[in-house]
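There are 2 protein chains.
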Amino acid sequence: MDSELIARLRRDLPEGRVLTDPAVTAGYAHDEAEWAPHGSPAAVVRPRTAEEVQHVVRACLDHGVPVVTRGAGTGLSGGANAMDGAVVLSTEAMNAIKDIDPLERLAVVEPGVVNDDLRTACAGHGLWYPPDPASAPWSTIGGNVATNAGGLCCVKYGVTRDYVLGLQFVTGTGELVRVGRRTAKGVAGYDLTGLLVGSEGTLGVITEVTLRLRPRRAPEHTVAGHFASVLDAGRAVTAVAAAGVTPSALELIDRYCLEAVDAWKQMGLSTEADVVLLGRTDAPGRAGDEEAETMRRCFEEAGATWAARSTDPQEADALFEARRLAYPALERLGPVLTEDVCVPKSAVPEMLGRIHAIAERHGTLIANIAHAGDGNLHPLLITPPGDEPARVRAQAAFHDIIAEALALGGTVTGEHGVGLLKRDGLRAEVGPEVMALNRAVKDALDPRGLLNPGKVLGPRAPLGTRY
Amino acid sequence: MDSELIARLRRDLPEGRVLTDPAVTAGYAHDEAEWAPHGSPAAVVRPRTAEEVQHVVRACLDHGVPVVTRGAGTGLSGGANAMDGAVVLSTEAMNAIKDIDPLERLAVVEPGVVNDDLRTACAGHGLWYPPDPASAPWSTIGGNVATNAGGLCCVKYGVTRDYVLGLQFVTGTGELVRVGRRTAKGVAGYDLTGLLVGSEGTLGVITEVTLRLRPRRAPEHTVAGHFASVLDAGRAVTAVAAAGVTPSALELIDRYCLEAVDAWKQMGLSTEADVVLLGRTDAPGRAGDEEAETMRRCFEEAGATWAARSTDPQEADALFEARRLAYPALERLGPVLTEDVCVPKSAVPEMLGRIHAIAERHGTLIANIAHAGDGNLHPLLITPPGDEPARVRAQAAFHDIIAEALALGGTVTGEHGVGLLKRDGLRAEVGPEVMALNRAVKDALDPRGLLNPGKVLGPRAPLGTRY
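Just so you know, the sequences run in chain order A and B.
Heads up: the first sequence at position 95 corresponds to 121 in the working numbering, and the numbers run straight through without jumps.
Heads up: the second sequence at position 155 corresponds to 181 in the working numbering, and the numbers run straight through without jumps.
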C-alpha cells in the first residue's frame, strides 16, 4: 500500500472521499464477472467533482499507482476488477443530472447517474434515452459509456455510442478536457468521443457525458411465440429480418431460463413452452399493427407451437419481466458465467445449434437468453457451487463458444466488453496488426499505462501483482 | 520529383495505373475548396485493388513521399489538396459494389463507388443508404467516409459514421488491416472504425467499406414556407424542434440563392419569397400527415407569408431541386467560399442574424443555404472574379462567422471537415490539450507522418514545400 499517496488523497480531498477499510474496499474490488481474477485495492476514492477526479488521477500518476474506474460494478467481463495496490475510483457519488434540454434533445449528466433514473427524468420531458442494458436499474451512465452498453432496444435504436455527443474526461496525463459537442453534427478533429466510448476506463476517466435523446416513441405492440426448440426460434428470428421488419425488441428465452424463473416466481412459463420468443414493434399507428402481424406470421411459419399478439399491456410487460428475471433466477442455481457473442442475424439458428452441441460435449448446463434480433447471444454457463471439475468444463465450453462465433463471422463481445475475460478472444478476433493499432492508441492516450492497466489489451499480467 | 519512386510504381503496378503528365495530374491537385492552397503532385496513381493501394503506400513510405488520397475531389475544405512532390492516390477506379445483403442489411463496397450509384443499387433490394451529401451524384463512398459526410437526411438519420460498420484500410506503416464487423453490435477493442471515419486520409487509406443499410422508408410529405426574412425562417426551425417533430429534411434557402437559381433556370422562385424553408417528414401513415401539418402550423406561427403542404410530388421535387441548384447557380456569379458551421438548433435565428451583420460589416455578399433542422449552416461567400480586395474582405468575414459560431456554442465544421481551411478554427474550438490528444492519435497511427500531412492538425507548413 502506498501510504504517501493515501495521505495525500486524504489531505487534499474533502472528508469522507477516501475509503481504506478492507471490509469496505473489498466490495469495490470486482464487478460481476464470474471467475475473473482480482486483487485488493489500496483505497477506494469517491470523488464528487471533475476537479476531484483530476486530483485523484494526478496523485496516482505522481505515485505510479494504477487507477481503476468503476460505476455500479455491474459489468460482466472483469473490466472494473482491481489489481493489488490500485486506487479504485468510484463515480457513484457523481450522480447529478445537470441538464435536460427538450429543444436540443440532449442531456448532460455526471457519470454516476443510474440509467433508469435518467430514463425517468427524460420521460418527464417527453423524451427518451434508448440504451437499456438489463442492468439499467443499477448501472450508471458512466459505466454504460465506458463499456458501450447495449440492451433490448439496440436492434432498432443502436448502442450507447450512438447517443454520446460529447464527454468531459481526465486524460492519462492528468488533463481535464472536453471532446465532442452539443450540436447535432460536427467533424472538427478525430472522433475522440467515440474512441473513449467502450474504452473500459483504459483511455481516460469520464467526468461528464452529453447525451443525445429521442422524442417519446409510440406505444409498443408485443408478439409472443412458443417454440419446441431454439433452432425453430432462431429460424423465426431470421424470418423476421428477411420480412423487412425492424422490431424494437426481439428476445429469446430458452427452457432452462423459463424453468429457473418458474422455480423462483411461479409464473407457469415452462409448462407452456420450451423456448419463448418475444417481439416488439413501436412503429406508429397502422404500421405498428402491420409489423406486429408480420412478426406473428413469421413466428408461425418458422414452426411456433403458439404465437399471438398480446392485447393486454400487463401481460406483455410480465413476459418481458420474465426475460429480465432470467439471469438472477439462474444465479440461484450456482455461479453463472455469461457469454456475449454476436453473430450475423442469418447465423443465429446455426450458432444456437453449435452452443447446444458444446453444452453436450462438455457436460455443461448452458441456458440461453439472447437479443436475438441483432444476433447478440448470451449463453449462460451454470455450474454447481464449489464443483471445480464442472467449472473447468464450463471454461472450456466458454472458449469453444467464442471460437464458433468467430467461425461464423461473429464477434467475441457484442455489448459486455473485453475486460479480462475476452482478452484472448479479442486477439483471436482482430489479429496482431489490429492489436498493434489498439496498443498504439492506448500508448498515445495513456502514455504512463496507469489507467486500468491490463484490461482489454493485456498483457495478461497476473492480477494481484503490481503494475 | 522522386524519379526512383515513379519508376518503382510503374514497374510494380499494372499498365496505366501511374499518371505523370502535368496536364493530367493538375486535375487531381486540389478539391473544390475555394482559395485553399495546393501544390503539384509528382504522380497520380489509380490503383484497382487493396493490394495495389498497399503497394503504393509502402513505396511512398520507403521513399519518404507523402500520400494524398482522394475520391472524386468534391471536398470543400482542401482536405484532398496535393503538396508539391506528393503522390495523389485516387480511388476512383475501385468502384465495385461487392455485396448487398438484404437480410443483414449491409453493403460492402470499394471506396470509389459513387454515393448515388450505391443508393440506386440499394433501392433495387428495397434498402436505403441514408447519407446524402449534396455531392451525392459525384462524390464517392470513400470520400464520404473520410470526411464523415452529412447531407439533407442527417436531421433524422445521422451522418456517414452512423452507417460504417467496418473498414479495410492500409495503415501508416503499410499494413493492410480490417477493423469493425459485419454484425449488428460489437465492442471488441477500441472503435478504430469510428476513428478512421472523418480522419480525412490522415490515419489510413481506406480500401473497402462495410455499410449498414436501412429498409426503404415511407414516401415523404413536403411542406414549403415563404418568409420575409431569414430570422423568421430561423424562428420556424426552432418552433419545429420545440413541437417535437423530427423532420426527415428541413432546408433553408435565402433570396440570394433563389435569385441565382432564377437567373439560371427561370424557376420564378425569387418573385414569391425572400426565404424558402422546405420541410419533409417520412413518418409512416397518419403520423406523417400529422407531422406535416404540425410543421406547416409552425411555419405560419413563426410568420411565414405563405405555407402549404405540397400535394404534388413533382412540385415538391422541384423545390428540392432548387435547393440542390443553389450552389452551382451562385458559382456562376464568382468564386464561392463555402462555410459549414453548426450551431445548436435554438441558436439558428441568432446565428443567421450575426451572419447578416458580418456581411454588412465586410461588404461581402453572403448567401445562405442551410440544413437548418440540425443547425448546420452553409453561408456562401461570393466575390466577383479577380477582385482581390473583395477576396480579402470575404476571408475576414469567413473568420468572423467561425468566431460567432463558436461564441454560440457551435462547431467550425458540421460536415465538410477541417482540411486546410478550418485548421485555425479547429484549434480555436478544441484548445491546446485536445489538439495534443489529436496529435497523439495521428502520431500513433501514422508514425512517419506521410498520410496527407499537414491536413486537419497542421502545422500550417506552407503547401508547395516538401514534407
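Beta carbons: idealized from backbone N, C-alpha and C, even for Gly.
All values derive from a computational prediction rather than experimental measurement.
Item: Spatial neighbours of B:Glu317 within its chain, please: CB distance less than 7 Å, with the 5 preceding and 5 following residues excluded, ordered by chain position.; Value: Val271, Thr307, Ala309
Item: Buried or exposed, going by whether 16 or more other CB atoms sit within 10 Å of the CB of B:Pro156?; Value: buried
Item: Measure from the alpha carbon of B:Asp300 to the alpha carbon of each residue in B:His252, B:Asn478, B:Ala342, then state which is nearest.; Value: B:His252
Item: So with CB distances below 7 Å, who are the chain B contacts of A:Leu471?; Value: Leu463, Ala466
Item: Mapping DSSP to helix, strand and coil, what is B:Gly490?; Value: In this prediction, B:Gly490 has a pLDDT of 45, which is less than 50 and means its spatial position is unreliable; nothing more can be read from the coordinates.
Item: Using DSSP with H/G/I as helix, E/B as strand and the rest coil, what is B:His397?; Value: strand
Item: Just how far apart, CA to CA, sit A:Thr95 and A:Val213?; Value: 29 Å
Item: Note down, in chain order, each residue of its chain lying with its Cβ closer than 8 Å to the Cβ of A:Ile232, except the 5 sequence neighbours on either side.; Value: Thr95, Thr117, Pro137, Gly168, Val171, Ala172, Leu193, Gln194, Phe195, Leu222
Item: From what residue to what residue does the alpha helix (DSSP H) around B:Asn170 run?; Value: 167 to 173
Item: When DSSP labels each residue in this structure, what does A:Leu391 get in the three-state scheme?; Value: strand
Item: Shortest alpha-carbon distance to A:Glu30 belongs to which of A:Ser372, A:Asp88, A:Pro48, A:Ala59?; Value: A:Asp88
Item: Could you name the residues of the stretch 384 to 407 of chain B whose beta carbon sits closer than 9 Å to any beta carbon of chain E, in the order they occur along the chain?; Value: Included in the structure are the protein chains A and B, with no chain E among them.
Item: For the putative contact between A:Leu239 and A:Leu132, defined by C-beta atoms under 8 Å, what is the C-beta separation to the nearest angstrom?; Value: 6 Å
Item: Can you list, in chain order, the residues of its chain whose CB lies under 7 Å from that of B:Gly200, leaving out five sequence neighbours each side?; Value: Gln80, Val83, Arg84, Leu87
Item: Confirm the yes/no value for this check: CB of A:Glu441, any heavy atom of the ligand GTP, distance under 8 Å.; Value: In the structure on display, the ligand GTP does not appear, and there are no ligands present to speak of.
Item: Look at the Cβ atom of A:Leu229, then the Cβ atom of A:Ala259, and state whether they are nearer than 9 Å.; Value: no
Item: Which of the three DSSP states, helix, strand or coil, is assigned to A:Pro415?; Value: helix
Item: Check for me: the beta strand (DSSP E) holding A:Gln292 runs from which residue to which?; Value: It is not in any beta strand (DSSP E) - A:Gln292 carries neither H nor E in the DSSP assignment.
Item: Can you name, in chain order, every residue of its own chain whose Cβ lies under 7 Å from the Cβ of B:Pro273, other than the five neighbours on each side?; Value: Val181, Lys182, Val266, Gly305, Arg306, Thr307, Met321, Gly399
Item: Contact between the stretch 62 to 73 of chain B and the stretch 100 to 110 of chain B: three or more CB pairs below 8 Å?; Value: yes
Item: Note down, in chain order, every chain A residue with its Cβ under 7 Å from the Cβ of B:Val231.; Value: Those do not exist, as B:Val231 stays about 14 Å from chain A at its closest Cβ, beyond 7 Å.
Item: Would you mind telling me which residues of chain A sit closer than 7 Å to B:Pro241, beta carbon to beta carbon, in chain order?; Value: Gly270, Thr272
Item: Spatial neighbours of A:Asp426 within its chain, please: C-beta separation below 6 Å, excluding the five flanking residues on both sides.; Value: Ile384
Item: Can you pull the chain B neighbours of A:Ala330, defined as C-beta to C-beta under 9 Å?; Value: Residues of chain B passing the Cβ test: none, with the nearest at roughly 20 Å.
Item: Where does B:Val50 land, buried or exposed, given buried means 16+ other C-beta within 10 angstroms?; Value: exposed
Item: Quick check: the Cα distance between B:Asn121 and B:Gly227, rounded to an integer number of angstroms?; Value: 18 Å
Item: Hey, out of B:Ala275, B:Glu234, B:Tyr282, whose CA is closest to B:Ser255's CA?; Value: B:Tyr282
Item: From the DSSP secondary-structure annotation, give me the bridge partner or partners of B:Trp332.; Value: B:His252
Item: Taking A:Asn174 as the query, report the chain B residues whose CB atoms sit under 7 Å from its CB, ordered along the chain.; Value: Val213
Item: Please identify the residue among B:Val135, B:Lys291, B:His151, B:Phe325 whose C-alpha is closest to the C-alpha of B:Val235.; Value: B:Val135
Item: With the cut-off set at 9 Å, would you say A:Pro405 and A:Glu365 are in Cβ contact?; Value: yes
Item: Report buried or exposed for B:Lys481, applying the criterion of at least 16 other Cβ atoms within 10 angstroms of its Cβ.; Value: buried
Item: Quick check on DSSP: helix, strand or coil for A:Ser103?; Value: coil
Item: Against A:Glu201, what residues of chain B qualify as contacts under a CB-to-CB distance less than 7 Å, listed in chain order?; Value: Glu459
Item: Check distances from the C-beta atoms of the stretch 361 to 386 of chain B to those of chain A and list, in chain order, the residues that come in under 7 Å.; Value: Cys368, Val369, Pro370, Lys371, Ser372
Item: Considering only C-alpha positions, which residue in the set B:Ser296, B:Gln292, B:Trp290 is nearest to B:Asp280?; Value: B:Ser296
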